[in-house]
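Student:
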Amino acid sequence: MWTPELPAAPHRHLCTDCGVSRTADPKRCATACQFIHPDYPGLEQRVQGRQRIVEEDTPHPNDELFFGPHRRMLQAALTPASQGAQWTGITTRLAERLLEEGEVDAVITMAADPNDFWRPRPVIVTQASELAQCRGMRMGYAPLVALVEPALQQGLHRLAVIGIPCQVYALRALQPEWERDHGLTKLVVIGIPCSDNTTTERFHEFLALVAPHPQDVTYLEFCADYHVEIRTRQGQVRRIPFLSLPLSQLPSDFFPLTCRTCVDYTNSLSDLTVGYMGGRGEQWLIVRNDVGEHLVSLLGSSLRSTSPTSAGQRFGAVKGFIRNLERSAGGLPLRRMPEWLRPLVSWLMPRVGPRGLEFARTRVQMKAAETVIHLRREEAQRVKHMVPAHIWNLVQPHGFRPTAHEVNPPRSVIPIRAEGP
Ligand SMILES: Cc1cc2nc3c(=O)[nH]c(=O)nc-3n(C[C@H](O)[C@H](O)[C@H](O)COP(=O)(O)OP(=O)(O)OC[C@H]3O[C@@H](n4cnc5c(N)ncnc54)[C@H](O)[C@@H]3O)c2cc1C
Ligand code: SF4
Ligand code: SF4
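For the sequence shown, this note's numbering gives the first residue as 1, with consecutive numbering after it.
Right under this line is the structure:
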């Protein structure tokens with residue numbers, strides 16, 4: 001497992017240091033960046049063989065509107081779960097299987113920085129046994145994409161990459177060039193969903209607010225049952241309801257504009273997305289194409305899976321979220337729930353709130369609204385280039401419409417029947 005020497009990242013305005021700016025040709029950011037002038041329909045067409053289906057006038061808009069092109073979805077768990085994994089370790093096990101079967105020469109992913117457990121460090125892995133060190137979630141950014149060319153230069157021509165959506169966008173944008181000019185013969189992309197990322201330094205501030213001994217925390221996850229789970233080195237497990245998180249104590253720039261305006265929550269350009277949002281306490285797989293199907297088959301009987309289920313209604317939750325976001329983005333205080341009501345609502349939400357796939361749709365729709373609200377306020381001139389048509393479809397039921405200056409013809413927004421109680 002190794003990390004090549006990389007140059008420092010040059011300044012970029014909206015940037016998550018995916019790695020393109022540290023390559024020999026940093027000007028490629030102009031065409032490879034999710035935040036500059038992305039072309040999701042074009043890349044979906046090239047990578048998945050078709051664009052996502054956005055059906056008109058259906059009682060339940062097609063799930064591809066929310067989750068991107070896919071063949072099928074699964075609620076799943078690896079049995080037994082891998083030690084140290086974020087969930088059950090499906091992601092790193094898939095990468096192990098690819099190396100064990102000799103199907104790829106190397107896997108590019110993140111390990112923990114030796115000086116800071118929470119900081120991601122991009123690595124090129126050639127031994128399946130080393131992937132155990134890559135398990136678990138890190139908070140922050142690291143230049144994953146910058147490792148592709150050094151790997152190719154070492155004769156590693158068949159690669160698997162595990163990445164978050166802003167990294168995967170750049171990977172897919174540069175893939176044809178690597179195939180044409182650098183000898184890439186195979187690229188398998190295992191995507192994880194991503195939202196609300198921030199710098200590692202800022203994440204340490206958050207840990208200090210939620211844990212009395214932040215240096216002991218080894219695990220944190222925002223679970224689909226409306227709780228944050230925290231585990232410590234000493235084996236303690238704490239579950240904090242979302243409503244009790246000290247979010248109001250975070251500065252307004254705690255989440256960078258990139259992560260507040262990210263348009264591809266579920267990693268639509270991966271071959272297989274491995275998350276948890278639609279999994280009701282288990283993992284959630286979005287199988288997007290033949291490569292994704294093959295990946296699932298590599299796990300054989302160690303993967304326990306069922307069809308995902310869905311319950312509850314998202315409309316009110318998304319509406320409340322948008323109302324609060326508009327107030328806070330406009331500098332007004334949030335409408336807070338009285339203290340006495342919080343335990344009751346925290347108890348009720350996992351039982352009557354959106355669950356399973358409806359929880360995942362809720363989060364994707366919230367994120368789409370967040371993108372439009374924050375970009376309009378902070379970088380209005382970017383809306384036209386950064387917001388793909390399907391994001392307007394997602395937010396339309398909540399009264400958002402693009403102005404003439406906000407759409408890039410010939411993209412169009414297909415009307416969808418109004419959602420509501
Ligand atoms: C910042 C962040 C936010 C996320 N938000 C969501 C969410 O809202 N909803 C959801 O369903 N899933 C989310 N995920 C994904 C989720 O946390 C799990 O990673 C995923 O479900 C896979 O679990 P696993 O047990 O299969 O992973 P493991 O087998 O433990 O492997 C985890 C993989 O993720 C990679 N990784 C860890 N941190 C980073 C990072 N910072 N950048 C790039 N790669 C990284 C590791 O290198 C490893 O390959 C998020 C992940 C990150 C990093
Ligand atoms: S996120 Fe990547 S592609 Fe975009 S500006 Fe930063 S380094 Fe360049
Ligand atoms: S939220 Fe989006 S922009 Fe931020 S790190 Fe995750 S994928 Fe990248």
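Note that beta-carbon positions come from the ideal geometry of N, C-alpha and C, so glycine has one too.
Since this is a predicted model, take the numbers as computed values, not measurements.
(1) Relative to the alpha-carbon of G278, which residue among G300, G316, F222 has its alpha-carbon at the smallest distance?
(2) Any heavy atom of ligand 3 inside 7 Å of the beta-carbon of S195?
(3) State the start and end residues of the unbroken alpha helix (DSSP H) segment that holds F117.
(4) Do the CB positions of C29 and C166 come within less than 8 Å of each other?
(5) My output table needs one value for V413: the three-state DSSP class, helix, strand or coil.
(6) Would the C-beta of Y276 count as close to ligand 1, meaning under 7 Å from any of its heavy atoms?
(7) Compare the beta carbon distance of Y226 and P350 with 8 Å and say whether it is the shorter of the two.
(8) For H227, which three-state DSSP category applies?
(9) What span of residues does the beta strand (DSSP E) with Y219 cover, start to end?
(10) Can you grab the Cα-Cα spacing for the pair R401 / P388, in whole Å?
(11) What are the residues that DSSP puts in a beta bridge with Q75?
(12) When you compare the CB positions of H385 and V54, do they come within less than 8 Å of one another, or not?
(13) Assuming contact is defined by CB atoms lying nearer than 8 Å, are T273 and I286 in contact in what I supplied?
(14) With DSSP as the reference, please indicate the residues paired to T109 in a beta bridge.
(15) Would you decide whether S270 is buried or exposed? Buried here means 16 or more other CB atoms lie within 10 Å of its CB.
(16) In this structure, what does DSSP give as the bridge partners for W2?
(17) From the DSSP output, which residues share a beta bridge with K186?
(18) Looking only at its own chain, which residues have a Cβ that is under 7 Å from the Cβ of V383, when we skip the five neighbours before and after it?
(19) Beta-carbon within less than 6 Å of I90's beta-carbon, same chain only, minus the 5 sequence neighbours each way: which residues are those?
(20) Can at least three beta-carbon pairs, one atom from the stretch 137-146 and one from the stretch 112-128, be found at a separation below 8 Å?
(21) Closer than 7 Å to a non-hydrogen atom of ligand 1 - does that hold for the CB of E282?
(22) State the beta-bridge partners of R239 as determined by DSSP.
(23) Out of H182, A132, G163, state which residue places its alpha-carbon closest to the alpha-carbon of Q153.
(24) In whole angstroms, what separates the C-alpha of R93 from that of T403?
(25) Below 8 Å on the Cβ atoms is my contact criterion, and I expect L303 with A81 to pass it. Report the Cβ-Cβ distance as a whole number of Å.
(26) Can you tell me the Cβ-Cβ gap for T258 and T16, rounded? I've got them flagged as a contact below 8 Å.
(27) Using DSSP bridges, identify the partner residues of R355.
(28) Am I right that P193 and T266 are in contact with their C-beta atoms under 8 Å? What's the rounded C-beta distance?
(29) Could you round the C-beta distance between V189 and L98 to whole angstroms and report it? I think they count as a contact, below 8 Å.
(30) Based on Cα-Cα distance, which residue from Y219, M137, S244 lies nearest to Q234?
(31) When the Cα atoms are used, what is the spatial distance from Q51 to V296?
(32) For E370, which residues in the same chain have their Cβ closer than 7 Å to its Cβ, ignoring the five residues on either side in sequence?
(33) Given a cut-off of 8 Å on the beta-carbon distance, is the pair R138 and A112 in contact?
(34) Given a threshold of 16 other Cβ atoms within 10 Å of its Cβ, counted over all protein chains shown, does D290 qualify as buried or as exposed?
(35) Given a cut-off of 8 Å, decide if I240 and V217 are closer than it, judged by their beta-carbon atoms.
(36) So does the stretch 391-398 actually touch the stretch 313-325, counting three or more Cβ pairs closer than 8 Å?
Tutor: This is what the structure holds:
(1) F222
(2) yes
(3) Here F117 belongs to no alpha helix (DSSP H); instead the beta strand (DSSP E) covers 116-125.
(4) no
(5) Model confidence at V413 stands at a pLDDT of 45, short of 50, so the residue's coordinates are unreliable and nothing is read from them.
(6) yes
(7) yes
(8) strand
(9) 217-222
(10) 13 Å
(11) W284, T306
(12) no
(13) yes
(14) V123
(15) buried
(16) I124
(17) R158
(18) L375, R376, E406
(19) L78, V274, Q283
(20) yes
(21) no
(22) E229
(23) H182
(24) 46 Å
(25) In fact, because the Cβ distance is near 12 Å, the residues do not count as touching under 8 Å.
(26) 5 Å
(27) A311
(28) 5 Å
(29) No, V189 and L98 are not in contact; Cβ-Cβ is about 12 Å, not under 8 Å.
(30) Y219
(31) 22 Å
(32) R260, L325
(33) yes
(34) exposed
(35) no
(36) yes
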